[in-house]
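Trainee: This is the structure, below, for whatever I ask next.
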Amino acid sequence: MKTSITSESLSCGAPAQAAQAALAELPVRAGASLKPDHFQYILNHLPDIGFFEIHAENYLVDGGPFHHYLTRIRERYALSIHGVGLSIGGESPLDLQHLDRLADLIDRYAPAVFSEHLAWSGHAGFFLNDLLPLPYHRATLQRVCDHVDQVQNRLKRRLLLENPATYVEFSSSNITETDFIIEILQRTGCGLLLDINNVYVSSTNHIRDPRAYIDALPPGTVGQIHLAGFSQEQDGAGAPLLIDSHDAPVAAAVWDLYDYALCRFGPVPTLIERDGNIPPFEVLQAEVRLADERLNSDALRGRRS
Amino acid sequence: MNKPSTAAALAFALGTSLALATASAQAGEMKDTMKDAKDMESMEKCFGVALKGKNDCKAGAGTSCAGTSKIDYQGNAWSLVPEGTCAETASPTSPTGFGQLEAFEEISS
Amino acid sequence: MSEQDDFVTALLDPEAPLPRDLATWNGSDPATRFAVYRNNVTVSLIDALADTYPVTQTLVGERFFRAMARLFVQKTLPQSPVMSRYGAAFPAFIADFEPAGSVPYLADMARLEQLRTQACHCADAAPLSTARLTQLLSDTQTLPQQRVALHPSAQLIRSDYAVVSLWAAHQDLAELHRVNPCTPEQALIVRPGLDVEVIPIDPAMYRFLEQLLGAASLGRALEDTCLTHPDFDLVAALGLLIQRGLIVDLPLETTT
Chain A
47 MKTSITSESL
57 SCGAPAQAAQ
67 AALAELPVRA
77 GASLKPDHFQ
87 YILNHLPDIG
97 FFEIHAENYL
107 VDGGPFHHYL
117 TRIRERYALS
127 IHGVGLSIGG
137 ESPLDLQHLD
147 RLADLIDRYA
157 PAVFSEHLAW
167 SGHAGFFLND
177 LLPLPYHRAT
187 LQRVCDHVDQ
197 VQNRLKRRLL
207 LENPATYVEF
217 SSSNITETDF
227 IIEILQRTGC
237 GLLLDINNVY
247 VSSTNHIRDP
257 RAYIDALPPG
267 TVGQIHLAGF
277 SQEQDGAGAP
287 LLIDSHDAPV
297 AAAVWDLYDY
307 ALCRFGPVPT
317 LIERDGNIPP
327 FEVLQAEVRL
337 ADERLNSDAL
347 RGRRS
Chain B
818 MNKPSTAAAL
828 AFALGTSLAL
838 ATASAQAGEM
848 KDTMKDAKDM
858 ESMEKCFGVA
868 LKGKNDCKAG
878 AGTSCAGTSK
888 IDYQGNAWSL
898 VPEGTCAETA
908 SPTSPTGFGQ
918 LEAFEEISS
Chain C
84 MSEQDDFVTA
94 LLDPEAPLPR
104 DLATWNGSDP
114 ATRFAVYRNN
124 VTVSLIDALA
134 DTYPVTQTLV
144 GERFFRAMAR
154 LFVQKTLPQS
164 PVMSRYGAAF
174 PAFIADFEPA
184 GSVPYLADMA
194 RLEQLRTQAC
204 HCADAAPLST
214 ARLTQLLSDT
224 QTLPQQRVAL
234 HPSAQLIRSD
244 YAVVSLWAAH
254 QDLAELHRVN
264 PCTPEQALIV
274 RPGLDVEVIP
284 IDPAMYRFLE
294 QLLGAASLGR
304 ALEDTCLTHP
314 DFDLVAALGL
324 LIQRGLIVDL
334 PLETTT
């Protein structure tokens with residue numbers, strides 16, 4: 047069930063939320079994924095952009111061009127670091143060596159934000175290179191909270207945890223995803239990285255109301271927003287099955303849902319994520335501007351602290 | 818224990834190399850100078866240019882947090898024929914190069 | 084078996100039963116949805132290999148490469164989330180992979196590409212100044228005992244085939260049809276700055292650098308190389324190291 051609203055229909059009369067601003071150490075602007083294809087362009091042109099985000103694991107190397115360029119870009123831009131390999135939802139214990147390497151990377155680049163996923167990607171010493179889903183019940187909740195605690199204690203900073211895009215559900219789940227997330231936030235004190243595309247993708251895939259998902263999340267907990275493009279397939283019964291592919295521009299329905307979320311949470315640093323079909327930087331920057339325009343819209347003015 | 822000639826050879830070679838390096842740095846024409854001196858440039862003469870990798874900052878795979886909608890076809894390598902540039906390469910035993918169908922039939926039989 | 088054991092088994096083996104816990108809102112067969120995860124894992128890992136081994140892929144074509152990579156992925160999952168390290172065992176896999184046997188240099192090409200990726204991400208090191216190296220000439224008697232540390236990214240490759248020329252041909256640095264693949268070749272792979280360089284070297288230079296990388300002193304490396312290669316050109320060898328800034332330290336000889 048697809049819902050759509052126009053920006054004119056938005057009305058955000060609520061007062062500014064100080065808690066929100068305190069959470070967001072990144073500039074309350076839009077940023078972009080940092081891709082090696084764009085290293086040189088960025089240093090040559092110094093585009094006006096809120097921040098860059100990297101995937102931690104791409105920089106867990108000893109030296110060479112990745113560190114060379116990131117060091118120079120970090121000198122000029124705010125940074126968020128997004129991990130894809132901690133496997134916080136995994137049954138296996140956290141990889142402590144990996145956690146140590148992340149700590150070193152965070153010390154080196156002092157990002158405003160470090161985030162990870164409500165998912166698992168490793169098992170029994172192997173890394174599967176995908177964000178895999180977990181059932182939502184008391185046992186998995188405990189496991190995730192333990193892992194989040196462990197990460198926050200080791201990194202000595204607050205983690206932002208990202209809501210997942212999922213393609214299956216589990217019959218053993220007896221907690222909704224939003225209640226599961228709220229419980230993690232309350233128990234561990236971590237923040238939420240709200241991926242609007244993931245909300246849309248998962249809601250479509252499991253026939254939930256994406257706005258109800260947004261409405262269920264408490265204001266003041268969202269430290270960052272992700273926007274990305276998806277691709278469309280079909281499930282075994284011909285129902286739409288959206289894939290969180292990050293290889294296309296942000297879809298209109300996701301922009302609408304973004305407006306809706308901004309209305310609820312106020313302005314939040316927002317990333318345009320792109321991992322595939324990487325366009326020239328100017329194209330990515332144009333999408334970043336679209337997000338900036340929404341962050342600066344009249345409807346939200348006055349909610350910025 | 819080294820032969821006395823070893824020390825002399827090393828001193829001569831190091832001195833010559835350093836002199837050339839300094840001279841070429843001063844002249845700013847490193848490669849021309851070195852070419853005269855039968856240096857590493859001659860080792861690359863078969864290509865005519867110094868070999869430099871392309872797109873180095875992309876070398877190797879990176880991580881992504883995206884899914885893919887690309888479907889992995891269930892190709893069976895045991896029945897596939899290499900169909901790349903290996904076929905353009907001369908082979909002393911076959912005028913049509915490497916990677917021929919015959920070779921695969923031999924293996925699979 | 085734990086839940087995630089079952090999940091992983093089903094991810095990697097399309098013949099294995101799906102995890103029992105899967106549910107779909109419309110009661111559709113979860114296999115189609117689960118296939119998204121199967122694809123994500125397999126395709127992303129094959130893509131990772133394709134990123135690291137582009138010339139290897141071009142040599143045999145995408146279809147063959149991906150089918151071969153798929154078999155490797157199924158038996159060799161990454162052990163680290165750092166994907167630039169994934170696939171170090173792929174060259175050895177190719178060497179034993181019979182269907183690739185008609186391209187006998189394929190495994191060595193993969194080895195060359197693997198070394199390039201390794202060099203790319205290797206630790207940085209600044210070259211010693213020529214002034215510092217010139218100091219060595221003040222005491223030429225101890226010069227044979229001197230060891231030189233090369234850039235940490237420096238690695239050697241040797242093949243019975245012309246993989247260095249074939250690699251160059253795929254960078255538009257040489258003409259493919261002019262390369263005789265059955266010519267043995269050697270190269271030094273190193274990243275003194277930001278760019279990985281593939282430097283063709285002769286067998287004598289290979290022997291000399293092999294000694295230096297094995298922490299032999301200059302004197303020992305020279306004498307050893309001259310035993311098997313009397314025509315070894317030491318001036319050219321040191322010229323290469325100095326010109327490219329590959330000498331990064333002068334460790335003291337601890338044994339004689």
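Protein chains in written order, with the working numbering: chain A, 47 to 351; chain B, 818 to 926; chain C, 84 to 339. C-beta atoms are modelled at their ideal positions from N, C-alpha and C, and glycine is treated no differently. Here the structure is a predicted model, which means the values were calculated and not measured.
Thinking C-beta only, is residue 250 of chain C closer than 8 Å to residue 195 of chain C?
Mentor: Yes, these two residues count as a Cβ contact at 8 Å.
Trainee: Taking the straight line between their C-alpha atoms, what separation do you get for residue 199 of chain A and residue 235 of chain A?
Mentor: Approximately 11 Å, taken between the alpha carbons.
Trainee: Buried or exposed for residue 831 of chain B, going by 16 or more other Cβ atoms inside 10 Å?
Mentor: Per the 10 Å Cβ criterion, buried.
Trainee: I'd like to know whether the C-beta of residue 883 of chain B is nearer than 8 Å to at least one C-beta of chain A.
Mentor: Judged by the 8 Å Cβ criterion, residue 883 of chain B is in contact with chain A.
Trainee: So which residues of chain C does residue 181 of chain A contact, with C-beta pairs closer than 8 Å?
Mentor: Result: 86 and 104.
Trainee: Give the residues of chain F in contact with residue 176 of chain A, contact being defined as C-beta atoms less than 8 Å apart.
Mentor: Reference to chain F is not applicable here, since the protein chains of this structure are A, B and C.
Trainee: Please report the residue range of the beta strand (DSSP E) in which residue 822 of chain B lies.
Mentor: Not the beta strand (DSSP E): residue 822 of chain B falls in the alpha helix (DSSP H), residues 821-844.
Trainee: Please check if any C-beta of chain C sits within less than 8 Å of the C-beta of residue 173 of chain A.
Mentor: Chain C, which has a Cβ nearer than 8 Å to the Cβ of residue 173 of chain A, makes this yes.
Trainee: For a quick check, are the C-beta atoms of residue 839 of chain B and residue 213 of chain C less than 8 Å apart?
Mentor: Yes, the Cβ-Cβ distance between residue 839 of chain B and residue 213 of chain C is below 8 Å.
Trainee: Output, in sequence order along the chain, the residues in the stretch 164-175 of chain C whose CB is closer than 7 Å to any CB in chain A.
Mentor: Going along the stretch 164-175 of chain C in chain order, one finds 164, 165, 166 and 167 with a Cβ nearer than 7 Å to chain A.
Trainee: Tell me which residue opens and which closes the alpha helix (DSSP H) that residue 322 of chain C is part of.
Mentor: Residues 317-326.
Trainee: Three or more beta-carbon pairs under 8 Å between the stretch 222-237 of chain A and the stretch 264-283 of chain A, yes or no?
Mentor: Yes, they touch.
Trainee: For residue 98 of chain C, does the three-state DSSP call read helix, strand or coil?
Mentor: The answer is coil: DSSP assigns residue 98 of chain C none of H, G, I, E or B.
Trainee: Sorted by chain position, which residues of the same chain lie with C-beta nearer than 7 Å to residue 147 of chain A's C-beta, five sequence neighbours on each side aside?
Mentor: Hits under 7 Å: 106.
Trainee: Within 8 Å (strictly less), CB to CB, does residue 844 of chain B reach chain C?
Mentor: No, residue 844 of chain B lies away from the interface with chain C (no Cβ there is under 8 Å from its Cβ).
Trainee: Using the Cα positions of residue 218 of chain A and residue 181 of chain A, report the straight-line distance between them to the nearest angstrom.
Mentor: Taking the straight line from one Cα to the other gives about 6 Å.
Trainee: Would you say residue 250 of chain C lies against chain A (beta-carbon separation less than 8 Å)?
Mentor: No, residue 250 of chain C does not count as interfacial toward chain A.
Trainee: Where does residue 302 of chain C sit, in a helix, a strand or coil, going by DSSP?
Mentor: The answer is helix: DSSP assigns residue 302 of chain C an H, G or I state.
Trainee: Could you tell me whether the Cβ of residue 840 of chain B comes closer than 8 Å to any Cβ of chain C?
Mentor: Answer no: the Cβ-Cβ gap between residue 840 of chain B and chain C never drops below 8 Å.
Trainee: Please check if any C-beta of chain C sits within less than 8 Å of the C-beta of residue 137 of chain A.
Mentor: Answer yes: the Cβ-Cβ gap between residue 137 of chain A and chain C drops below 8 Å somewhere.
Trainee: Verify the CB distance criterion: does residue 252 of chain A have a CB-CB separation below 8 Å to chain B?
Mentor: No, residue 252 of chain A does not count as interfacial toward chain B.
Trainee: Between A/260, A/295 and A/272, which has its C-alpha nearest residue 127 of chain A's C-alpha?
Mentor: Here the closest residue by C-alpha is A/272.
Trainee: Listing by chain order, which chain C residues have their CB less than 7 Å from the CB of residue 289 of chain A?
Mentor: Chain C residues near residue 289 of chain A: 119.
Trainee: If we count Cβ pairs, one from each stretch, closer than 8 Å, do we get three or more for the stretch 144-155 of chain C versus the stretch 112-128 of chain A?
Mentor: No, the stretch 144-155 of chain C does not touch the stretch 112-128 of chain A.
Trainee: Checking 8 Å against the spacing of the C-beta atoms, do residue 254 of chain C and residue 198 of chain C come in under that value?
Mentor: No.
Trainee: Check whether the stretch 75-84 of chain A touches the stretch 320-337 of chain A, counting contact only when three or more Cβ pairs, one atom from each stretch, lie closer than 8 Å.
Mentor: With the cut-off at 8 Å, the stretch 75-84 of chain A and the stretch 320-337 of chain A touch.
Trainee: Return the chain-ordered list of same chain residues with a C-beta closer than 7 Å to the C-beta of residue 208 of chain C, the five sequence neighbours on each side being excluded.
Mentor: So the qualifying residues of the chain are 234, 235 and 331.
Trainee: If contact means a Cβ-Cβ distance below 8 Å, which residues of the stretch 99-116 of chain A contact chain C?
Mentor: Those residues of the stretch 99-116 of chain A that come within reach of chain C (Cβ to Cβ, closer than 8 Å) are 103, 104, 106, 107, 108, 109, 110, 111, 112, 113 and 114.
Trainee: To the nearest angstrom, how far is the alpha carbon of residue 119 of chain A from that of residue 97 of chain A?
Mentor: Rounded to the nearest angstrom, the two C-alpha atoms are 10 Å apart.
Trainee: Chain A partners of residue 113 of chain C, CB-CB under 8 Å?
Mentor: Chain A residues near residue 113 of chain C: 214 and 282.
Trainee: Excluding the 5 residues preceding and the 5 following residue 317 of chain A in the sequence, name in chain order all residues of the same chain whose CB lies nearer than 6 Å to its CB.
Mentor: Cβ neighbours of residue 317 of chain A beyond the five flanking positions: 77, 99 and 272.
Trainee: Along the chain, where does the beta strand (DSSP E) containing residue 268 of chain C start, and where does it finish?
Mentor: Counting along the chain, the beta strand (DSSP E) containing residue 268 of chain C begins and ends at 268-273.
Trainee: Use the C-beta contact count for residue 90 of chain A: other C-beta atoms within 10 angstroms, 16 or more gives buried, fewer gives exposed.
Mentor: Per the 10 Å Cβ criterion, exposed.
Trainee: Residues of chain B with a CB under 9 Å from the CB of residue 292 of chain A: which are they?
Mentor: The contacting residues are 881, 882, 883 and 884.
Trainee: Only counting runs of 3 or more residues, tell me where the beta strand (DSSP E) segments fall wholly within the stretch 247-316 of chain A, in order along the chain.
Mentor: Entirely contained in the stretch 247-316 of chain A, the beta strand (DSSP E) runs reaching 3 residues are, in chain order, 268-273, 277-280 and 286-289.
Trainee: Taking CB distances under 8 Å as the criterion, tell me whether residue 329 of chain C reaches chain B.
Mentor: Chain B contact via Cβ: absent.
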